[in-house]
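To start, the structure under review is shown below, and the notes come after it.
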Amino acid sequence: MPGLTLLRHAAALILLALSAAMLAPVGARAQTSQADFARFLDQDIWPQARAAGISRATFDAAFDGVKPNLKLPDLVLPGQAPAVAEKQHQAEFQSPAAYFREDNLRSVVGQGRTLLARHADTLRAIERRYGVPGPIVLAVWGRESGFGAARIPYNAFEVLGTKAWLARRKDMFRAELIAALQIVQDGHLRVSDMKSSWAGALGQPQFMPSKFRSLAVDFDGDGRADIWNSVPDTLASIAHYLQQSGWVAGRDWGFEANIPDNVSCTLEGPDQGRPIRDFVAAGVTRVSGRPFPTHEAQATGFLMMPAGRMGPAFIATPNFYVIKEYNNSDLYALFIGHAADRMAGGGAFKGGWVDVTGVSRGDVARMQERLQAMGMDVGGVDGLPGFKTRRSIGAYEASAGLRVDCWPNAALKQKLN
Ligand code: CA
304 MPGLTLLRHA AALILLALSA AMLAPVGARA QTSQADFARF LDQDIWPQAR
354 AAGISRATFD AAFDGVKPNL KLPDLVLPGQ APAVAEKQHQ AEFQSPAAYF
404 REDNLRSVVG QGRTLLARHA DTLRAIERRY GVPGPIVLAV WGRESGFGAA
454 RIPYNAFEVL GTKAWLARRK DMFRAELIAA LQIVQDGHLR VSDMKSSWAG
504 ALGQPQFMPS KFRSLAVDFD GDGRADIWNS VPDTLASIAH YLQQSGWVAG
554 RDWGFEANIP DNVSCTLEGP DQGRPIRDFV AAGVTRVSGR PFPTHEAQAT
604 GFLMMPAGRM GPAFIATPNF YVIKEYNNSD LYALFIGHAA DRMAGGGAFK
654 GGWVDVTGVS RGDVARMQER LQAMGMDVGG VDGLPGFKTR RSIGAYEASA
704 GLRVDCWPNA ALKQKLN
């Protein structure tokens with residue numbers, strides 16, 4: 304009915320006018336948010352900090368002159384509904400093809416080879432103590448901070464304070480804020496040294512404050528775990544992190560593999576492990592043409608297809624999922640493993656990445672909602688095609704008579720609309 308449409312239109316205009324009128328002048332708004340932030344710190348954070356052993360002097364020093372930074376990503380500003388961000392702030396949310404661009408890889412691999420030679424003795428000592436090979440440690444260092452070259456410019460208290468106040472995952476950031484205060488309270492660092500990324504991660508290995516407290520290592524023996532300035536401390540801290548996450552010494556991270564059609568892409572995932580020799584019996588081979596090492600063939604492996612059938616496929620080991628403890632992304636873990644292999648002399652992926660266009664993070668989120676409504680496990684609606692989403696897509700494709708490739712594409716988007 305046109306009349307009703309007009310009425311709705313008029314109502315929308317009135318709402319617009321109302322919300323414009325409610326907006327205070329910019330200066331006044333900034334003052335309000337600053338006052339609200341100060342009240343939040345004092346009434347909400349301080350009692351918890353005091354209970355955690357933080358002195359008032361430490362607390363005041365940490366927040367001296369700190370204002371909320373409303374430009375940080377992933378904040379839910381007052382009056383705003385949380386939504387899946389269409390814009391992708393972290394590179395881990397890009398398409399695999401973009402993530403593994405050869406120039407990205409080549410710079411990490413090239414510098415990694417130089418550093419592998421330069422720090423050979425340190426890396427050998429680190430592998431003896433923690434069981435993690437040097438190239439893996441270097442690849443993490445390269446990925447996290449460009450081997451220490453990346454600027455880490457933010458005041459950690461500004462970032463963590465703002466995020467504890469307004470981020471989507473407030474509780475996690477509140478715990479990290481308390482941990483950051485404890486680092487200063489314990490005398491590890493001065494307030495002015497607490498520099499972080501926009502996400503609150505510290506130093507060259509990009510540890511959240513709680514990880515710094517439990518995992519940072521003094522490997523050069525000067526009495527301080529200095530992950531901002533010391534290369535041995537940085538490298539050993541990364542290795543310690545992986546060891547504590549369950550790294551299995553002596554095992555690889557994984558192997559690029561040919562997956563025949565009779566092995567379904569829906570068999571992917573860390574909860575569907577089986578002896579690698581079972582995959583071999585089903586026809587899986589390494590792309591290198593070499594057999595799986597005997598000790599690996601006997602042990603557990605996992606099908607890992609980060610772009611479904613639209614990219615290279617892998618038989619991963621438990622160490623692949625240990626790397627994901629550092630950064631919970633298949634693409635991240637694969638980048639680390641692959642870059643490490645290439646530092647040690649390995650070549651590029653044999654399989655090519657098909658860049659699927661026309662599917663945004665928002666599209667993936669809508670597909671996930673539909674699949675979830677059908678009772679499928681997509682691992683949460685987040686717009687990211689993780690392994691649970693990929694294999695549910697594959698199961699749906701099979702049931703709908705589509706080509707089973709376990710990857711979101713335009714045909715699936717249309718079918719699910
Ligand atoms: Ca040290």
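Residue numbers (my numbering): 304 to 720.
We put the CB at the ideal spot given by N, CA and C, even for glycine.
Since we're looking at a predicted model, the values are computed, not measured.
Simplified DSSP assignment, three categories, for residue i
i	result
Glu571	coil
Gln393	In this prediction, Gln393 has a pLDDT of 46, which is less than 50 and means its spatial position is unreliable; nothing more can be read from the coordinates.
Ser495	helix
Met607	strand
Pro578	strand
Leu705	coil
Ile348	helix
Ile618	strand
Gly472	Before going further, note that residue 472 is Arg rather than Gly in the sequence given. Coil.
Arg454	coil
Leu378	strand
Arg612	strand
Arg404	coil
Arg432	helix
Arg477	helix
Arg342	helix
Arg593	coil
His312	Here His312 scores only 45 on pLDDT, less than 50, and its place in the model should not be relied on; the value that follows carries that caveat. Helix.
Met325	At Met325 the pLDDT is 46, less than 50, meaning the model places this residue with poor confidence and gives no usable figure here.
Integer-rounded CB distance, given that residue j should sit under 8 Å from residue i
i	j	result
Gly689	Gly611	Between Gly611 and Gly689 the Cβ distance is about 12 Å, and since that is not below 8 Å, they are no contact.
Val440	Ile429	6 Å
Ala459	Ser499	4 Å
Leu634	Pro609	6 Å
Gly654	Glu559	7 Å
Glu700	Arg706	7 Å
Tyr544	Tyr629	6 Å
Val520	Ser540	5 Å
Gly763	Pro371	Given that the chain is displayed from residue 304 to residue 720, the structure contains no residue 763 and the question cannot be resolved.
Tyr402	Phe638	7 Å
Leu505	Ile481	14 Å between Cβ atoms; not a contact.
Arg645	Val412	4 Å
Gln414	Gly451	Their Cβ separation, rounded to whole angstroms, is 11 Å, which puts Gln414 and Gly451 out of contact at 8 Å.
Gln671	Val681	4 Å
Ser448	Gln507	5 Å
Met613	Val684	With 8 Å as the limit, Met613 and Val684 do not qualify as a contact, their Cβ atoms being about 22 Å apart.
Exposure label - residue i; buried when at least 16 CB within 10 Å
i	result
Gln717	exposed
Ala467	buried
His422	buried
Glu405	exposed
Gly640	buried
Phe522	buried
Leu484	buried
Gly686	buried
Leu380	exposed
His598	exposed
Arg554	buried
Lys473	exposed
Gln601	exposed
Met325	Caution is warranted here: a pLDDT of 46 is assigned to Met325, below 50, making its placement in the model unreliable, and no coordinate value can be reported.
Lys514	buried
Ser517	exposed
Met677	exposed
Gly704	exposed
Ser495	exposed
Ser591	exposed
Asn622	buried
Ser702	exposed
Arg409	exposed
Gly604	buried
Gln509	buried
Fully enclosed by the stretch 480 to 568, which alpha helix (DSSP H) runs are 4 residues long or longer?
-> 512 to 518, 534 to 547
Write down every uninterrupted run of the beta strand (DSSP E) in the stretch 646 to 703 whose length is 3 residues or greater and which is fully enclosed by it, in chain order.
-> none
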